[in-house]
Structures are given as structure tokens and as C-alpha cells.
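Residue numbers (our numbering): 390 to 554.
Ideal placement from N, C-alpha and C gives every residue a C-beta, glycine not left out.
Read the structure below first, then the notes.
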């Protein structure tokens with residue numbers, strides 16, 4: 390008998406992300422993100438948690454502190470594109486180490502919108518209300534090391550790190 394491969398749910402995927410990241414400070418926006426972050430905080434009472442209102446998430450940005458992980462669910466689909474881009478851009482630009490966004494199919498958000506903001510598409514997940522796409526951003530792996538970006542490949546390697554213009 391062949392085994393049926395089980396596809397992880399959106400909740401399980403977010404739980405795996407938060408467990409892998411083990412954040413000391415977490416931001417959540419959206420019903421599912423709030424639920425997963427709440428469970429994490431119940432198991433780790435020392436975790437700082439910041440909750441954004443999914444109807445007006447930019448009202449409390451920038452944050453007073455940098456968070457290790459931001460979880461966004463069920464938010465971008467209901468915001469004007471500019472406000473959603475502002476939310477993701479502010480989280481990214483103010484030092485959030487990792488961001489995970491689950492978004493349903495919507496004409497306002499395309500693959501290229503997320504790629505343009507530095508995100509990577511990681512998974513297509515099934516949900517009770519339709520398919521969701523997981524996009525992630527990781528500050529540590531966003532700007533990969535380039536072989537040419539070192540003193541040996543510069544015209545004046547003796548000036549590496551000495552002069553900034």
C-alpha cells in the first residue's frame with residue numbers, strides 16, 4: 390500500500406518557522422499569525438511579543454525595538470497595495486531579522502512584488518479558504534556574499550577599507 394504524503398498546513402508551517410527561528414522578540418499581524426505567536430509565547434514567557442492590527446498595521450510602525458521574527462497572515466489581501474508594501478518595507482528596513490508572509494491569491498499582489506522587496510517564495514499551501522503562498526525574508530541570507538567583493542579583486546587592494554566615498 391502506498392503512503393499518502395501529508396502536506397503541512399499553514400499553521401504547521403508557521404509553527405515550524407517560529408520553532409526553527411526561536412525568536413526572543415516576535416511580531417504578529419493577522420489571525421493565524423497571532424495564534425501561532427501566542428502559543429510560542431505561552432511556552433516561552435520571556436519572549437517579547439508585538440501585535441499589529443491587521444486593518445491598520447502601519448499605525449504603530451516603526452517599532453520601539455527590533456524583532457527577530459515577523460509573521461504576517463491574512464493582512465495584505467485586505468490592504469491597499471501601497472500600505473502593504475509600506476508594512477513589509479518598514480519591517481525589512483528597520484532590521485527585522487526574518488519575516489514570513491502567508492498570502493492568498495489576490496490581483497493586488499504578484500510574485501514580482503515580493504521578489505522586488507527581497508522576499509523568496511518558499512511554498513504553496515492549501516487552506517480551507519483556498520491556496521496560500523509563503524514568502525520569507527531573512528536578513529542573514531538576503532545579500533549573499535559575492536566572490537568579487539573582496540580586496541583581491543579590486544583595482545587598488547591596498548585601499549580596501551581605508552577610503553569611503
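Using DSSP bridges, identify the partner residues of residue i.
i, result
"residue 449", "None; residue 449 has no bridge partner."
"residue 489", "460, 525"
"residue 512", "523"
"residue 415", "438, 458"
Does residue i pass the burial test, meaning 16 or more other C-beta atoms within 10 Å, or should it be called exposed?
i, result
"residue 446", "buried"
"residue 515", "exposed"
"residue 495", "exposed"
"residue 504", "exposed"
"residue 471", "exposed"
"residue 570", "In the structure displayed, the chain extends from 390 to 554; residue 570 sits before or after that span and is not available."
"residue 413", "exposed"
"residue 390", "Confidence at residue 390 is low in this model, with a pLDDT of 47, below 50, so its placement is unreliable and no value can be given for it."
"residue 501", "exposed"
"residue 417", "buried"
"residue 409", "exposed"
"residue 427", "exposed"
"residue 422", "buried"
Would you give the residue range spanned by the beta strand (DSSP E) that residue i belongs to?
i, result
"residue 422", "Residue 422 -> not in any beta strand (DSSP E); alpha helix (DSSP H) instead, spanning 420 to 432."
"residue 477", "Looking at the DSSP string, residue 477 is not in any beta strand (DSSP E); the run it does join, the alpha helix (DSSP H), is 470 to 482."
"residue 441", "437 to 441"
Taking the continuous alpha helix (DSSP H) assigned at residue i, which residues delimit it?
i, result
"residue 403", "399 to 410"
"residue 501", "500 to 505"
Let me make sure I understand the geometry here. Which of the options has the alpha-carbon closest to that of residue i?
i, options, result
"residue 518", "463, 439, 486, 418", "463"
"residue 507", "492, 478, 491, 498", "478"
"residue 525", "550, 480, 547, 551", "480"
"residue 430", "448, 443, 411", "411"
"residue 483", "407, 520, 456, 490", "456"
"residue 488", "436, 444, 406", "406"
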